[in-house]
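Residue numbers (the working numbering): 1 to 150.
Here it is in structure tokens:
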């Protein structure tokens, strides 16, 4: 007889799947269009020019692998921790550019080389904060599970 997952396990599975799916989806357009993603990264005016292309090529693949790990349930604590770090960095970069008054596309899902509206930058920041909340929940559940079993 198969054991039914409890509510907490079902919620963890839902959050893990949702966060993994978001990361995989976010990587797709960037992987297919690294030149455009490099321009988006450059528009943030945070990285030195010498690191923009490296970030544009590696970041989408990192998102893809992390999302895949979460979807497949592989290395979940490390993947959740790394996703949280990325979401924190993305949030700081968005907030920094909002404070500087820059009107840029976040480059989160679909790449657009035209300026964003401040409202969409705020929504992107709120979305990243919500995703970070999911990631923190997932990581906390992984830590609690490890403490229970070990």
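C-beta atoms are modelled at their ideal positions from N, C-alpha and C, and glycine is treated no differently. Computed from a prediction, not measured in an experiment: that's the story for all the values here.
Residues near residue 18 by beta carbon distance below 8 Å, same chain, minus five either side
Residue 18 sits at position 18 when you count from the first residue of the chain shown. Counting only Cβ-Cβ distances below 8 Å, and skipping sequence neighbours, we find 134.
C-beta atoms of residue 77 and residue 142 nearer than 7 Å = If you number the chain shown from 1, residue 77 lands on position 77. If you number the chain shown from 1, residue 142 lands on position 142. Yes.
How close, in whole Å, do the beta carbons of residue 24 and residue 64 come, if the pair is a contact with beta carbons under 8 Å?
Here residue 24 refers to the residue found at position 24 of the chain shown. Here residue 64 refers to the residue found at position 64 of the chain shown. Going by Cβ atoms, the distance from residue 24 to residue 64 rounds to 6 Å, so yes, they are a contact pair.
Problem - 7 Å Cβ cutoff met for residue 70 and residue 16 - result: Position 70 of the chain shown, counted from the start, is the residue given in the question as residue 70. Position 16 of the chain shown, counted from the start, is the residue given in the question as residue 16. Yes, Cβ-Cβ distance for residue 70 and residue 16 is below 7 Å.
Task: Environment of residue 27 [buried if 16+ CB atoms lie within 10 Å] - done: Here residue 27 refers to the residue found at position 27 when the chain shown is read from its first residue. Buried is the call here.
* Asked: Hey, residue 102 and residue 125 are a contact pair by Cβ (cut 8 Å); roughly how many whole angstroms apart?
  -> Numbered from 1 along the chain shown, position 102 holds the residue referred to as residue 102. Numbered from 1 along the chain shown, position 125 holds the residue referred to as residue 125. Actually they do not touch by this definition, with Cβ atoms about 13 Å apart.
Check your understanding: What do you reckon, are the CB atoms on residue 80 and residue 138 nearer than 7 Å?
Key -> Position 80 of the chain shown, counting from 1, holds the residue named residue 80. Position 138 of the chain shown, counting from 1, holds the residue named residue 138. Yes.
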